[in-house]
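Take a look at the structure set out below.
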Amino acid sequence: MDLFTTAASDAWVRKVARIMHLERRPPRETARLQCNVPGADQPGRQHGVLTIQSNGNQTHVVSDVRPSVHGILTLREVWQSFYPFYRHLLGMGGFPLHAALIKRGARWMLLAGKPGAGKSTCCRRLPAEWDAVCDEEVVVVPFNDGTWHAYPFPTWSDIVERKLDRTWNTQHHYPLSAIFLLERGEEDRAEPVGEGETALSLNRRTREKCFFYDWGLDKKEEQTLRMLLFENVCALARSIPGYRLAVTRTGKFWEEMERVLNV
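Under this note's numbering, residues 11 to 273 are what the sequence shown spells out, in order.
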């Protein structure tokens, strides 16, 4: 997916590129692609605060950035602005997911849970032999070798609402080996769940990042994307084992994860 800017949008896109560690194309490659860039005569489509033109071949121009209708940029407008990326992602078989990305040794796994379930808290509580790459959103993509990889994605509320100076390297991806469905419990416990339960839970978590109702889609297009999203989620659930993870406020929940992962 190629993204170009104009004088009106360059500063905004550069800021987003810094937050996400997006790489610039080499000058020669950029020049070669100019013939594919949408022309000025093509109508742009409004997504959040951005006006985006597309030639249908995954080349997009951010032609303008309008002021927020609220006077200050909101999370909703940020999510709306990412529609072209999410649409491209769904077509690749991937999707965004409300989940943390964590690792133990060479094992990478998702910690998926509804808002307030404690993903960020769990990430902070992990001991030294564990690591958390991000605690809010990931993008998952199937690879040709049958594996699924996760890319960390920004916690936009930290940028937009809390005004924190944070970045996420969205260019790196990590092979997934397990999915943990987080919930609060009276004891720390991890147990395997079937593909169906994993898919239904992940479908709820991904709809917390795919705002179909907010993208200005017609009913047919929205139905098509919802079905595509569910098919992608089911494909992940068939490929990666899922576990229900009950977590207490003070227990060593990671020991339960180590037990079922045999690490």
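Using N, Cα and C, we set each Cβ at its ideal position, and we do this for glycine too.
On a predicted model such as this, the values are computed, not experimentally measured, just so you know.
Distance, residue j Cα to residue i Cα
{"i": "LEU191", "j": "GLY226", "result": "31 Å"}
{"i": "TYR253", "j": "GLY206", "result": "12 Å"}
{"i": "TRP89", "j": "VAL149", "result": "14 Å"}
{"i": "PHE221", "j": "SER91", "result": "11 Å"}
{"i": "GLY261", "j": "ALA138", "result": "16 Å"}
{"i": "GLU147", "j": "GLU196", "result": "26 Å"}
{"i": "GLY128", "j": "TRP166", "result": "17 Å"}
{"i": "THR180", "j": "PRO202", "result": "30 Å"}
{"i": "LEU121", "j": "ALA142", "result": "10 Å"}
{"i": "ASN154", "j": "ASP228", "result": "32 Å"}
{"i": "HIS98", "j": "LEU174", "result": "28 Å"}
{"i": "ARG236", "j": "TRP158", "result": "20 Å"}
{"i": "GLU232", "j": "SER211", "result": "21 Å"}
{"i": "LYS25", "j": "THR131", "result": "28 Å"}
{"i": "ALA21", "j": "LEU32", "result": "14 Å"}
{"i": "ALA27", "j": "HIS182", "result": "14 Å"}
{"i": "THR234", "j": "GLU218", "result": "18 Å"}
{"i": "TYR93", "j": "GLY204", "result": "31 Å"}
{"i": "GLY156", "j": "GLU171", "result": "38 Å"}
{"i": "ARG34", "j": "VAL23", "result": "12 Å"}
{"i": "GLU193", "j": "GLU87", "result": "30 Å"}
{"i": "ASP198", "j": "LYS230", "result": "44 Å"}
Beta carbon of residue i nearer than 8 Å to that of residue j
{"i": "GLY103", "j": "PRO152", "result": "yes"}
{"i": "ALA339", "j": "ALA209", "result": "The shown model of the chain, from 11 to 273, leaves out residue 339, and the question about it has no answer."}
{"i": "CYS133", "j": "ALA110", "result": "yes"}
{"i": "ILE250", "j": "ILE189", "result": "yes"}
{"i": "ILE29", "j": "THR177", "result": "yes"}
{"i": "TRP264", "j": "LEU100", "result": "no"}
Close-in-space but distant-in-sequence residues of the same chain around residue i (CB under 6 Å, 5 per side omitted)
{"i": "ALA200", "result": "TYR253, LEU255, GLU266, MET267, VAL270"}
{"i": "ASN272", "result": "none"}
{"i": "ARG274", "result": "Missing from the structure shown is residue 274; the chain here goes from 11 to 273 and no further."}
{"i": "GLY126", "result": "none"}
Contact set for residue i: own chain, Cβ-Cβ below 8 Å, skip 5 residues either direction
{"i": "ASN213", "result": "LEU239, PHE240, VAL243"}
{"i": "TRP118", "result": "LEU111, ILE112, ALA160, TYR184, PRO185, LEU186, SER187"}
Status (buried if at least 16 other CB within 10 Å, exposed otherwise) for residue i
{"i": "ASP145", "result": "buried"}
{"i": "GLY123", "result": "buried"}
{"i": "THR216", "result": "buried"}
{"i": "HIS108", "result": "buried"}
{"i": "PRO106", "result": "buried"}
{"i": "PRO164", "result": "buried"}
{"i": "LEU85", "result": "exposed"}
{"i": "CYS45", "result": "Its pLDDT being 36, under 50, CYS45 is placed unreliably by the model, and the measurement read from it follows with that caveat. Exposed, because fewer than 16 other Cβ atoms sit within 10 Å of the Cβ of CYS45."}
Neighbourhood of residue i by C-beta distance below 7 Å, restricted to the same chain and skipping five residues each side
{"i": "ALA245", "result": "GLY103, PRO152"}
What residue ranges within the segment 144-221 form continuous alpha helix (DSSP H) runs of no fewer than 4 residues, ordered along the chain?
-> 166-170, 205-217
Considering only residues of the segment 80-129, which uninterrupted alpha helix (DSSP H) runs meet the minimum length of 4 residues and lie entirely inside it, listed in chain order?
-> 85-91, 93-101
Sequence ranges, alpha helix (DSSP H) only - wholly within the segment 242-271, length at least 4 | 263-271
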